[in-house]
Structures are given as C-alpha cells and as structure tokens.
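Here is the structure we will look at, set down as structure tokens.
Structure (structure tokens):
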C-alpha cells in the first residue's frame, strides 16, 4: 500500500508534465452546432447557432499549427471562442489582435506555426451580433 501511495503521485506528475513541451494543433475537424465568442473584458457574449457563422469560424481554426511564444496575450483584444455540439464542448481557443493564442485548457501562449487566422473577420462577426 505504501508503494502505491508513493507511485501514484509520481505517475500523476509524469502524466501532467509529459505534454508540456509539445505545442498543440487545432483539431483537423470541429463538430459544432453553436459557437460562443466573448471579447476582451466586455460582458457581452455572442451566442450563435447560425450554421454559416459556426462553420466559417470552425474552418478558420481547424488544422492550424502552433508553436510556443514568449509574448503574452493582450486580454483587452482577446476573443475567447468556444465550440459546442449538443452539451459537449468540442474545441476552445483564445486569440488576440497580435496573433497570440491559447488552445484548449492549456495556459501556455502560442503563435501560428502554419496557416493564418482571420482575426478581423471573426471580430466583425462578433461586432455585427451586437446590433
């Protein structure tokens, strides 16, 4: 029993730190029937089930590759995007106007390694939803 008590914390630490050095990629395909976007420190959130808008944002994020960066996210220009399919969160990310990302539940900061993300276009969808 003592061996198990000593082994479990070591296994937990190995699992927790094993993925830290690998930058994530966006899912190749995102299944979602709705998307939520918040912006900066605003209390307004865009909720949409519009298939065209959901697909446009999912396609923009799908397949992107990232690498870690030392830059920090500008919280005042960060869009926080959450995709849902039914009651399940299928993907999430944040991106600021400088192209700094967080992906999933990872707190590290990333920049694009390949691909591009249409920040202004997605921000435009968010702004248009306020009207």
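Residue numbers (the numbering used here): 233 to 363. For glycine and all other residues, C-beta sits at the position ideal for the given N, C-alpha and C.
Legend entry - Three or more C-beta pairs below 8 Å linking the segment 289-297 and the segment 260-274: yes
Inset, instruction - Using 10 angstroms around the beta-carbon of residue 327, count the other beta-carbons present and answer buried if the total reaches 16, otherwise exposed. - result: As a working note, residue 327 is residue 95 in the chain shown. So residue 327 ends up on the buried side.
Inset, instruction - Flag this pair as touching only if the segment 333-346 and the segment 276-286 have three or more C-beta atom pairs under 8 Å; answer yes or no. - result: no
Legend entry - Distance between residue 363 and residue 179 (C-alpha atoms, nearest Å): Absent from the structure is residue 179, since the part of the chain shown begins at 233 and ends at 363.
Legend entry - Where the alpha helix (DSSP H) containing residue 357 begins and where it ends: Here residue 357 refers to the residue found at position 125 when the chain shown is read from its first residue. Per DSSP, residue 357 belongs to the alpha helix (DSSP H) from 351-361.
Legend entry - CA-to-CA distance, residue 310 to residue 296, given in whole angstroms: What you label residue 296 is simply residue 64 of the chain shown in a count that begins at 1. What you label residue 310 is simply residue 78 of the chain shown in a count that begins at 1. Residue 296 and residue 310 have their C-alpha atoms roughly 18 Å apart.
Inset, instruction - Determine the DSSP secondary structure at residue 286, reduced to helix, strand or coil. - result: The count along the chain shown starts at 1 and reaches residue 286 at position 54. If DSSP states are grouped into helix, strand and coil, residue 286 belongs with the helices.
Inset, instruction - Just the C-alpha distance for residue 315 and residue 329, rounded to the nearest angstrom, thanks. - result: Locating residue 315 in the chain shown gives position 83, counting from the first residue. Locating residue 329 in the chain shown gives position 97, counting from the first residue. Here the C-alpha atom of residue 315 lies approximately 20 Å from the C-alpha atom of residue 329.
Inset, instruction - Using three-state DSSP, classify residue 253 as helix, strand or coil. - result: Position 21 of the chain shown, counting from 1, holds the residue named residue 253. Its pLDDT being 44, under 50, residue 253 is placed unreliably by the model, and the measurement read from it follows with that caveat. Coil, per DSSP.
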